[in-house]
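Participant:
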Amino acid sequence: MDIKISHPNGNSEGSLNITGSKSETNRLLLLQALFSGFKLENISNSDDSQLMQQALQSTSNLIDIHHAGTAMRFLTAYFSNMEDREVVLTGSNRMQERPIKILVDALRELGASIQYLKEEGFPPLRIQGKKLSGGKVMLSGDVSSQYVSALLLLGSVLKKGLQIKLIGKTTSVPYINMTLTLLNNFGIQTKFEGEYISVVPVKIPIIETQVIESDWSSASYFFSIVALSKKSEIRLSSYREKSLQGDAILRVIFNDLGVKSHFEGDTLVLNKDSKILPNKVKLDLSKAPDIAQTIAVTCYGLGVDCDLMGLHTLKIKETDRLEALQVELSKLGASISVTDKSLHLVSNNNFISNCSIDTYNDHRMAMAFAPLALKIPIQINASEVVSKSYPDFWDDLKQLNFQIVNR
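According to the numbering used here, the sequence shown holds residues 9 to 415 in order.
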């Protein structure tokens with residue numbers, strides 16, 4: 009559904025309860041399947057997490073995870089170790105264009121039986137589950153950290169554990185550390201030193217309820233809203249000052265873009281700060297690439313130039329996010345250039361109103377551009393794509409007085 013978004017006065021105030029982190033949820037769902045007996049609270053209501061749950065509970069030999077990239081990586085590892093279970097793991101057309109060879113090669117080193125059913129190196133996969141014992145693998149660290157996390161989660165139940173040697177610069181380290189911390193919470197010993205990561209399995213895991221922190225990637229859009237507002241106070245729950253999520257770096261980044269933030273218990277409070285903004289921001293987002301779209305669009309809305317680096321993983325997301333940003337920001341009048349791993353924006357205040365923003369089956373494209381409605385009316389095409397990670401997004405915007413009309 010295409011929607012038109014506007015805002016009557018540029019002021020946004022309200023309190024919202026953000027759903028649990030998709031990243032934490034999907035890791036804990038897999039651990040729940042591996043170590044039954046514990047409960048999860050504040051589970052993400054995203055499509056991705058629902059698909060993950062359904063796949064883990066399914067007895068079918070055909071598992072379709074649609075656009076859910078995390079599920080594809082995690083389930084490839086999970087089903088590889090499911091003795092006497094054969095599944096075909098597939099997804100959307102875009103998912104069948106997203107590489108998985110590095111993970112498959114590593115699992116094959118451990119003895120997994122995986123076949124490509126179409127193009128070499130890409131889903132769909134036929135997986136003949138067998139009891140894996142673990143051991144040592146090497147893989148490139150400069151691609152998706154989800155490959156690493158998939159292996160680490162599996163390593164927690166392998167007899168010999170798992171030792172990984174990472175080759176090259178490691179991407180999205182906070183997500184790897186999140187996985188290790190969640191494993192540690194179950195009494196599983198891990199070590200991450202230099203390019204080596206190890207997991208030692210535990211015979212009797214610690215079983216207790218796991219409360220999932222709300223999603224910082226989802227919070228990014230409200231940092232953007234506050235930054236672009238004339239006046240704003242937005243309260244978000246439930247968050248932690250000491251977060252496992254790398255996107256919590258938002259607090260530091262947006263402080264320079266006019267957003268003050270503080271905690272009141274588990275509530276994150278965002279306020280507009282009428283400070284003098286920098287002419288340009290330069291950021292290496294290799295540890296938090298999912299917030300790149302939000303930052304680029306916010307900078308354009310504020311008239312701030314930006315150079316964003318460390319974005320090579322955006323080429324293999326739901327869409328080529330760098331190319332998509334270049335096309336859509338250009339529609340609004342931005343001067344923007346991209347490489348295979350960076351984005352360079354020269355801003356101006358000559359916004360082109362009523363632009364129609366395409367979303368490319370990418371939830372983050374829809375949500376990153378929505379806050380610009382504080383500046384100009386804007387149309388978001390295929391707005392339902394937000395359900396992938398944040399189904400309540402448009403309803404939450406209405407609570408902040410955004411006007412949303414179906415086209």
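For every residue, glycine included, the Cβ atom is placed at its ideal position computed from N, Cα and C.
Given the structure is predicted, the values throughout are model-derived calculations rather than measurements.
By a C-beta neighbour count over all protein chains shown, 10 Å radius and 16 as the cutoff for buried, is residue 52 buried or exposed?
Facilitator: Counted from its first residue, the sequence shown places residue 52 at position 44. It is buried - the Cβ of residue 52 has at least 16 other Cβ atoms within 10 Å.
Participant: Apply the 10 Å Cβ neighbour rule to residue 82 and answer buried if 16 or more other Cβ atoms are within range, or exposed otherwise.
Facilitator: Numbered from 1 along the sequence shown, position 74 holds the residue referred to as residue 82. Result: buried.
Participant: Which term fits residue 260, buried or exposed, when burial requires 16 or more other beta carbons within 10 angstroms of its beta carbon?
Facilitator: For the purposes of this step, residue 260 is taken as the residue at position 252 of the sequence shown. Per the 10 Å Cβ criterion, exposed.
Participant: Looking at residue 144 and residue 108, is the spacing between their C-beta atoms short of 9 Å?
Facilitator: By one-based count along the sequence shown, residue 108 stands at place 100. By one-based count along the sequence shown, residue 144 stands at place 136. For residue 108 and residue 144, no; Cβs fall outside 9 Å.
Participant: Roughly how many whole angstroms lie between the Cα atoms of residue 158 and residue 256?
Facilitator: Start at 1 with the first residue of the sequence shown, and residue 158 comes out as number 150. Start at 1 with the first residue of the sequence shown, and residue 256 comes out as number 248. C-alpha separation (whole angstroms): 22 Å.
Participant: If contact is defined by three or more beta carbon pairs under 8 Å, each pair taking one atom from either stretch, is the region 183–190 in contact with the region 132–144?
Facilitator: no
Participant: Where does residue 278 fall in DSSP's three states?
Facilitator: Looking up residue 278 in the sequence shown gives position 270. Residue state, collapsed to three classes: strand.
Participant: Which same chain residues end up closer than 6 Å to residue 290 when comparing Cβ atoms and leaving out the 5 residues on each side of it in sequence?
Facilitator: Position 282 of the sequence shown, counted from the first residue, corresponds to residue 290. So the qualifying residues of the chain are 315.
Participant: Quick one: grab the DSSP three-state call for residue 19.
Facilitator: Position 11 of the sequence shown, counting from 1, holds the residue named residue 19. Residue state, collapsed to three classes: strand.
Participant: Residue 204 to residue 161, Cα distance in whole Å?
Facilitator: Here residue 204 refers to the residue found at position 196 when the sequence shown is read from its first residue. Here residue 161 refers to the residue found at position 153 when the sequence shown is read from its first residue. The straight-line gap from Cα to Cα measures roughly 16 Å.
Participant: Is residue 298 near residue 323, with beta carbons less than 9 Å apart?
Facilitator: Here residue 298 is taken as the residue at index 290 of the sequence shown, counted from 1. Here residue 323 is taken as the residue at index 315 of the sequence shown, counted from 1. No, Cβ-Cβ distance for residue 298 and residue 323 is not below 9 Å.
Participant: Could you give the first and the last residue of the continuous alpha helix (DSSP H) run that contains residue 128?
Facilitator: In the sequence shown, counting from the first residue as 1, residue 128 sits at position 120. First-last for residue 128: undefined, no H or E at that position.
Participant: Opposite residue 363 in the DSSP bridges: which residues?
Facilitator: Looking up residue 363 in the sequence shown gives position 355. 386, per the DSSP bridge assignment.
Participant: Can you check which of these residues, 343, 356, 389, is closest to residue 363 by C-alpha distance?
Facilitator: Here the question's residue 363 lines up with position 355 in the sequence shown. For the residues 343, 356, 389, the minimum Cα distance to residue 363 belongs to 389.
Participant: Name the residue from 280, 318, 69 whose alpha carbon lies nearest to the alpha carbon of residue 295.
Facilitator: In the sequence shown, counting from the first residue as 1, residue 295 sits at position 287. It is 318 whose Cα lies nearest to the Cα of residue 295.
Participant: At a cut of 8 Å, does the region 34–41 reach the region 233–250 through at least three beta carbon pairs?
Facilitator: no
Participant: Just to confirm, are residue 18 and residue 383 a CB contact at a threshold of 9 Å?
Facilitator: What you label residue 18 is simply residue 10 of the sequence shown in a count that begins at 1. What you label residue 383 is simply residue 375 of the sequence shown in a count that begins at 1. For residue 18 and residue 383, yes; Cβs fall inside 9 Å.
Participant: Which residue marks the beginning of the alpha helix (DSSP H) containing residue 375, and which one marks its end?
Facilitator: Here residue 375 corresponds to residue number 367 of the sequence shown, with the count starting at 1. First-last of the alpha helix (DSSP H) with residue 375: 371–377.
Participant: Ordered along the chain, which non-local residues of its own chain (more than five positions away) have a Cβ less than 7 Å from that of residue 375?
Facilitator: Sequence index remark: in the sequence shown, residue 375 carries index 367 (1-based). Correct list, in chain order: 229, 394, 398, 401.
Participant: Among residues of its own chain, excluding the 5 on either side of residue 180, which ones have a beta-carbon nearer than 8 Å to its beta-carbon?
Facilitator: For the purposes of this step, residue 180 is taken as residue 172 along the sequence shown, with counting starting at 1. Answer for residue 180: 152, 153, 254, 294, 295, 296, 297, 321, listed in chain order.
Participant: For residue 72, which of helix, strand or coil comes out of DSSP?
Facilitator: What you label residue 72 is simply residue 64 of the sequence shown in a count that begins at 1. If DSSP states are grouped into helix, strand and coil, residue 72 belongs with the strands.
Participant: Kindly indicate the opening and closing residues of the beta strand (DSSP E) around residue 9.
Facilitator: Here the question's residue 9 lines up with position 1 in the sequence shown. No beta strand (DSSP E) contains residue 9, which DSSP labels as neither H nor E.
Participant: Taking the beta carbon of residue 222 as the centre, do at least 16 other beta carbons fall within 10 Å, making it buried, or is it exposed?
Facilitator: Taking the first residue of the sequence shown as 1, we reach residue 222 at position 214. Buried, by the Cβ-count rule.
Participant: Could you compute how far the alpha carbon of residue 149 sits from the alpha carbon of residue 113?
Facilitator: Against the sequence shown, residue 149 aligns to sequence position 141. Against the sequence shown, residue 113 aligns to sequence position 105. Rounded to whole angstroms, residue 149 to residue 113 spans 14 Å at the Cα level.
Participant: Assuming residue 56 contacts residue 78 (C-beta within less than 8 Å), just tell me the rounded distance between them.
Facilitator: Reading the sequence shown from its first residue, position 48 is the one you call residue 56. Reading the sequence shown from its first residue, position 70 is the one you call residue 78. Indeed, because the Cβ distance is near 6 Å, the residues count as touching under 8 Å.
Participant: So, for residue 59: in the same chain, excluding its five sequence neighbours on each side, which residues have a beta-carbon less than 7 Å away from its beta-carbon?
Facilitator: Translated into the one-based positions of the sequence shown, residue 59 becomes position 51. Hits under 7 Å: 73, 74, 76, 79.
Participant: If residue 28 sits next to residue 215, beta carbons under 8 Å apart, how far is it from one beta carbon to the other, in whole angstroms?
Facilitator: Numbered from its first residue, the sequence shown carries residue 28 at position 20. Numbered from its first residue, the sequence shown carries residue 215 at position 207. Not really, about 19 Å apart at Cβ, beyond 8 Å.
Participant: Taking the CB atoms as reference points, tell me whether residue 21 and residue 283 lie closer together than 9 Å.
Facilitator: Numbered from 1 along the sequence shown, position 13 holds the residue referred to as residue 21. Numbered from 1 along the sequence shown, position 275 holds the residue referred to as residue 283. No, they are not a contact pair.
Participant: Give the secondary structure of residue 305 by DSSP, where H, G and I count as helix, E and B as strand, and everything else as coil.
Facilitator: The residue you call residue 305 lines up with position 297 of the sequence shown. If DSSP states are grouped into helix, strand and coil, residue 305 belongs with the helices.
Participant: Who are residue 198's beta bridge partners in DSSP?
Facilitator: Here residue 198 corresponds to residue number 190 of the sequence shown, with the count starting at 1. 207, per the DSSP bridge assignment.
Participant: Leaving out five residues on either side along the sequence, give the residues of the same chain with a beta carbon under 6 Å from the beta carbon of residue 208.
Facilitator: In the sequence shown, residue 208 corresponds to position 200, counting from 1. 169, 197.
Participant: Within 10 Å of its beta-carbon, does residue 69 have 16 or more other beta-carbons around it, so buried, or fewer, so exposed?
Facilitator: Here residue 69 is taken as the residue at index 61 of the sequence shown, counted from 1. When all chains shown are included, residue 69 counts as exposed.
Participant: Between the C-alpha atoms of residue 378 and residue 354, what's the straight-line distance to the nearest angstrom?
Facilitator: Translated into the one-based positions of the sequence shown, residue 378 becomes position 370. Translated into the one-based positions of the sequence shown, residue 354 becomes position 346. Approximately 20 Å between the Cα atoms of the pair.
Participant: For residue 103, count the other beta carbons within 10 Å of its own beta carbon; 16 or more makes it buried, fewer makes it exposed. Which is it?
Facilitator: Reading the sequence shown from its first residue, position 95 is the one you call residue 103. That one is buried.
Participant: Go ahead and pull the three-state DSSP assignment for residue 46.
Facilitator: For this step, residue 46 is matched to residue 38 along the sequence shown. Coil.
Participant: Out of 194, 369, 276, 305, which one is the CA nearest neighbour of residue 249?
Facilitator: As a working note, residue 249 is residue 241 in the sequence shown. The option with the nearest alpha carbon to residue 249 is 276.
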